[in-house]
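Let me begin by presenting the structure, written as structure tokens, before commenting on it.
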Amino acid sequence: MKEKHGMTLIVRTITRISVWLIFLYGFYIIFHGHLTPGGGFAGGVILALALLNYMLAYGREKTENWININLLHDMESASAILFLIVGILGIAISGSFLANWLSGGKLFALFSSGTIPILNIIIGIKVCAGLFFVVWTLSIFHIEEEAEE
Amino acid sequence: MVEIWLIFLLLIMIIASVVAIEVNSKLSAIITLGIVGLGTSLAFLFMQAPDLAIVQFLFEIFAIVILVRAFINPTKHQDEKSGINKFLAVCTAIVLLLIVWQSLDMLKSLPEFGNPKMDTAQYYLDHGAAETGSANLVTSIILDYRAYDTLGEVTVLFTAILGALAILRVKSKKKVEVSE
Chain A
1 MKEKHGMTLI
11 VRTITRISVW
21 LIFLYGFYII
31 FHGHLTPGGG
41 FAGGVILALA
51 LLNYMLAYGR
61 EKTENWININ
71 LLHDMESASA
81 ILFLIVGILG
91 IAISGSFLAN
101 WLSGGKLFAL
111 FSSGTIPILN
121 IIIGIKVCAG
131 LFFVVWTLSI
141 FHIEEEAEE
Chain B
1 MVEIWLIFLL
11 LIMIIASVVA
21 IEVNSKLSAI
31 ITLGIVGLGT
41 SLAFLFMQAP
51 DLAIVQFLFE
61 IFAIVILVRA
71 FINPTKHQDE
81 KSGINKFLAV
91 CTAIVLLLIV
101 WQSLDMLKSL
111 PEFGNPKMDT
121 AQYYLDHGAA
131 ETGSANLVTS
141 IILDYRAYDT
151 LGEVTVLFTA
161 ILGALAILRV
171 KSKKKVEVSE
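In order, the protein sequence lines correspond to chains A and B.
Counting with the numbering used here, you get residues 1 to 149 for the letters of the first sequence.
Counting with the numbering used here, you get residues 1 to 180 for the letters of the second sequence.
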């Protein structure tokens with residue numbers, strides 16, 4: 001089973017397992033952003049690197065079947081609006097833009113500190129989709145250059 | 001003790017960046033550049049800033065992947081050998097030395113290492129956890145006290161990716177038209 005793009009069988013087999021572990025770590029970093037070091041930005045980069053790992057190992061065509069690129073595009077745009085919606089809800093409820101309108105909760109609890117975890121998740125989605133898109137577009141660009149030659 | 005480690009790290013990073021310029025193969029140059037980034041990440045860790053260390057570490061990996069993808073292409077990007085203009089190099093060195101010499105007084109007036117002049121930092125340390133309920137103070141600052149800055153950061157990321165997509169798409173569309 002030899003394909004044009006992607007890497008050897010060894011790399012593919014390892015990737016099949018490691019991608020999920022990297023995803024798990026990324027989600028952990030995002031959801032625990034208000035408790036441990038890290039946060040939406042770092043977690044989003046980890047998720048993007050997991051997708052990049054899959055793309056490097058399996059090639060572009062398989063990645064296109066695996067994840068819905070258009071959905072990723074919509075998520076990237078929607079998360080920017082969601083951030084603004086959370087901010088404007090702050091005006092409506094608490095009186096100032098991006099105010100922390102949820103209750104703080106108990107310190108060190110997973111569901112605590114109001115809007116901070118929500119904003120972390122939104123930023124995580126945004127960074128993941130955005131950074132993966134940069135690599136994705138660059139790879140399309142390269143393939144077209146090669147095809148022309 | 002931390003300062004000694006930092007100076008050691010800085011020396012390694014300076015050596016690595018010199019090697020990155022001098023080495024012939026592109027792949028070695030990119031990998032040596034990676035040492036600089038990972039050294040920065042370690043320096044953040046020594047200064048007890050794990051948040052920054054994580055982000056710097058991940059971005060270094062990301063940057064290396066993109067650099068390898070962009071530059072390791074044997075057919076394209078045939079670079080020309082550029083000789084160093086000795087006169088210009090000496091001029092640059094003199095100007096840099098003058099700037100350093102002039103700014104020595106300013107460097108002396110900086111606050112001591114680890115003792116910021118502003119009172120805001122102490123306020124965040126004292127009241128951050130109670131006011132926001134977030135155990136990680138860095139997150140409580142960037143997403144609560146300074147959430148407006150984070151909104152700007154998200155906008156910058158959004159615009160940058162939009163611009164990159166637009167430019168690359170336009171180029172590839174033109175090529176399709178030419179080939180038709």
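Ideal Cβ positions, reconstructed from N, Cα and C, are used throughout, including at glycine.
{"Asked": "Check whether the Cβ atoms of Val-134 (chain A) and Gly-40 (chain A) lie closer than 8 Å to each other.", "Found": "no"}
{"Asked": "Compare the C-beta of Ser-113 (chain A) against all C-beta atoms of chain B and say whether one is closer than 8 Å.", "Found": "yes"}
{"Asked": "For Gly-124 (chain A), would you say it is in contact with chain B, using Cβ-to-Cβ distances shorter than 8 Å as the test?", "Found": "no"}
{"Asked": "Using the C-alpha atoms, what's the distance from Ala-43 (chain B) back to Gly-37 (chain B)?", "Found": "10 Å"}
{"Asked": "Of the residues that make up the stretch 15-42 of chain A, which ones have a beta carbon closer than 9 Å to any beta carbon in chain B?", "Found": "Ile-29, His-32, Gly-33, His-34, Leu-35, Thr-36, Pro-37, Gly-38, Gly-39, Gly-40, Phe-41, Ala-42"}
{"Asked": "If we define contact as Cβ-Cβ less than 8 Å, is Asn-136 (chain B) a contact residue for chain A?", "Found": "yes"}
{"Asked": "Can you check whether the C-beta of Ala-164 (chain B) is within less than 8 Å of a C-beta belonging to chain A?", "Found": "yes"}
{"Asked": "Who are the near neighbours of Ser-96 (chain A) in its chain, counting only those whose CB is closer than 8 Å to its CB and skipping five residues on each side?", "Found": "Gly-90"}
{"Asked": "Please identify the residue among B:Leu-45, B:Leu-67, B:Ile-54 whose C-alpha is closest to the C-alpha of Val-2 (chain B).", "Found": "B:Leu-45"}
{"Asked": "So Ile-54 (chain B) contacts chain A; which residues on that side make the cut at Cβ distance below 8 Å?", "Found": "Ile-29, Pro-37, Gly-38, Ala-42"}
{"Asked": "Roughly how many angstroms separate the alpha carbons of Leu-52 (chain B) and Ser-41 (chain B), rounded to a whole number?", "Found": "7 Å"}
{"Asked": "On the three-state DSSP scale, how would you describe Ser-134 (chain B)?", "Found": "coil"}
{"Asked": "Quick check on this structure: which residue in B:Met-47, B:Asn-115, B:Val-19, B:Glu-131 has the alpha carbon closest to the alpha carbon of Ile-4 (chain B)?", "Found": "B:Met-47"}
{"Asked": "Counting only Cβ pairs nearer than 9 Å, list the residues of chain B close to Phe-133 (chain A).", "Found": "Ile-161, Ala-164, Leu-165"}
{"Asked": "In chain A, what lies closer than 7 Å to Ala-129 (chain B) by C-beta?", "Found": "Leu-107"}
{"Asked": "Just to confirm, are Leu-52 (chain A) and Val-18 (chain B) a CB contact at a threshold of 8 Å?", "Found": "no"}
{"Asked": "Going along chain A, which residues have a C-beta under 7 Å from Tyr-123 (chain B)?", "Found": "Within 7 Å Cβ-Cβ: nothing; Tyr-123 (chain B) doesn't reach chain A, min ~16 Å."}
{"Asked": "Mind checking if Asn-78 (chain A) is an interface residue toward chain B, Cβ cutoff 8 Å exclusive?", "Found": "First, the residue type needs correcting, since residue 78 (chain A) is Ala and not Asn in the sequence shown. No, Ala-78 (chain A) lies away from the interface with chain B (no Cβ there is under 8 Å from its Cβ)."}
{"Asked": "Sort A:Asn-100, A:Leu-131, A:Ala-129 by Cα distance to Ile-116 (chain A) and report the nearest one.", "Found": "A:Asn-100"}
{"Asked": "Closer than 7 Å, Cβ to Cβ, to anything on chain A: give me those residues from the stretch 6-34 of chain B, in chain order.", "Found": "none"}
{"Asked": "Using only the alpha-carbon positions, how far apart do Leu-67 (chain B) and Thr-13 (chain A) sit?", "Found": "26 Å"}
{"Asked": "Leu-119 (chain A) versus chain B: which residues are under 8 Å apart at the beta carbon?", "Found": "Leu-143, Ala-147, Thr-150"}
{"Asked": "Out of A:Leu-138, A:Phe-141, A:Ala-129, A:Ile-10, which has the shortest C-alpha to C-alpha gap to Asn-186 (chain A)?", "Found": "Outside the shown range of chain A, which is 1 to 149, sits residue 186 (chain A), and nothing can be said about it."}
{"Asked": "Three-state secondary structure (DSSP) at Trp-101 (chain A)?", "Found": "coil"}
{"Asked": "Just to make sure I have the definition right: I need the residues of chain A whose C-beta is within less than 7 Å of the C-beta of Gly-37 (chain B). Which are they?", "Found": "Those do not exist, as Gly-37 (chain B) stays about 13 Å from chain A at its closest Cβ, beyond 7 Å."}
{"Asked": "Taking the continuous alpha helix (DSSP H) assigned at Asp-119 (chain B), which residues delimit it?", "Found": "Run containing Asp-119 (chain B): none; DSSP gives neither H nor E here."}
{"Asked": "Check Met-75 (chain A) in the structure and name its three-state DSSP category.", "Found": "helix"}
{"Asked": "Note the first and the last residue of the continuous alpha helix (DSSP H) segment covering Lys-106 (chain A).", "Found": "Unbroken run through Lys-106 (chain A): none, as it is neither H nor E."}
{"Asked": "How is Phe-141 (chain A) classed by DSSP in three states: helix, strand or coil?", "Found": "helix"}
{"Asked": "With a CB to CB cut of under 7 Å and the five nearest residues on each side skipped, what residues in its chain are close to Ser-103 (chain A)?", "Found": "Gly-114"}
{"Asked": "With a CB to CB cut of under 6 Å and the five nearest residues on each side skipped, what residues in its chain are close to Phe-23 (chain A)?", "Found": "Ala-50"}
{"Asked": "Exposed or buried, Phe-57 (chain B), counting other C-beta atoms within 10 Å across all chains shown (16 or more means buried)?", "Found": "buried"}
{"Asked": "Going straight from the alpha carbon of Leu-84 (chain A) to that of Ile-93 (chain A), what length do you get?", "Found": "14 Å"}
{"Asked": "Going by DSSP, what residue range makes up the alpha helix (DSSP H) through Gln-102 (chain B)?", "Found": "86-102"}
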